[in-house]
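This report refers to the structure that appears directly beneath it.
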Amino acid sequence: MIFAMLLAAPACALAASASGTPQAVPADVLSAPAAPVLSDEMIRKAVRETIAEDPRPAPVAGAPAGVLRANTAHARMSAAFDEAKVPDCLHDDALKLQPAKLGPVNVVGPLSLPWIVAAVVRGKCR
Numbered sequence: 623m624i625f626a627m628l629l630a631a632p633a634c635a636l637a638a639s640a641s642g643t644p645q646a647v648p649a650d651v652l653s654a655p656a657a658p659v660l661s662d663e664m665i666r667k668a669v670r671e672t673i674a675e676d677p678r679p680a681p682v683a684g685a686p687a688g689v690l691r692a693n694t695a696h697a698r699m700s701a702a703f704d705e706a707k708v709p710d711c712l713h714d715d716a717l718k719l720q721p722a723k724l725g726p727v728n729v730v731g732p733l734s735l736p737w738i739v740a741a742v743v744r745g746k747c748r
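Following this line, the structure appears as structure tokens:
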């Protein structure tokens, strides 16, 4: 019986809306004032007030944003040279330029020996 009522409820609502009887609109919707239109000046004023309330100091105007000062040019160049050098075939990074993979599976340990031999032949390690 409950199932029949659940099936009949949408059909009754559809029939009532199709009959043309206007539905009652709540009084608070009709009496509500229209939302204020935001202007550029209102937004600027709100931003200024928010910044004035913020206890943190303002950022320095001359400092570039997003620059890490600890990362010097020397450190960047050293990292670039370490990344670019051809690895030694007898160390851990021998397969850095030619990873040992079978599809999505990484091959590790003694099973990666054929890839090390191939890296030696191709000149990918020294």
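623 is the number of the first residue of the sequence shown in my numbering; add one for each residue after it. All C-beta atoms in this analysis are idealised placements derived from N, C-alpha and C, irrespective of residue type, glycine included.
Do you know how far the Cα of residue j is from the Cα of residue i?
i: Gly725; j: Arg744; result: 20 Å
i: Gln720; j: Phe703; result: 18 Å
i: Asp676; j: Ser661; result: 23 Å
i: Arg666; j: Thr672; result: 10 Å
i: Arg678; j: Asp715; result: 46 Å
i: Glu705; j: Met699; result: 10 Å
i: Met664; j: Ala674; result: 15 Å
i: Ala695; j: Arg670; result: 38 Å
i: Lys707; j: Ala668; result: 55 Å
Whose C-beta lies closer than 7 Å to the C-beta of residue i among residues of the same chain, with five residues either side of it excluded?
i: Cys711; result: Ile738, Ala741, Val742, Cys747 and Arg748
Short of 8 Å in beta carbon distance, which residues of its chain neighbour residue i, apart from the five on each side in sequence? Order them along the chain.
i: Val619; result: A question about residue 619 goes unanswered here, because the residues of the chain that appear run from 623 up to 748.
i: Ala697; result: none
i: Val659; result: none
Below 8 Å on the Cβ atoms is my guess for residue i versus residue j; work out the distance and round it to an integer in Å.
i: Pro732; j: Lys718; result: 18 Å between Cβ atoms; not a contact.
If distances are taken between C-alpha atoms only, which option among the options comes closest to residue i?
i: His713; options: Ile673, Ile624, Ser734 and Arg666; result: Ser734
Among residues of its own chain, excluding the 5 on either side of residue i, which ones have a beta-carbon nearer than 6 Å to its beta-carbon?
i: Ala722; result: Val729, Ser734 and Trp737
Step through the CB atoms of chain D and report whether any lies within less than 8 Å of the CB of residue i.
i: Cys711; result: Given the protein chain composition of this structure (a single chain), no chain D is represented.
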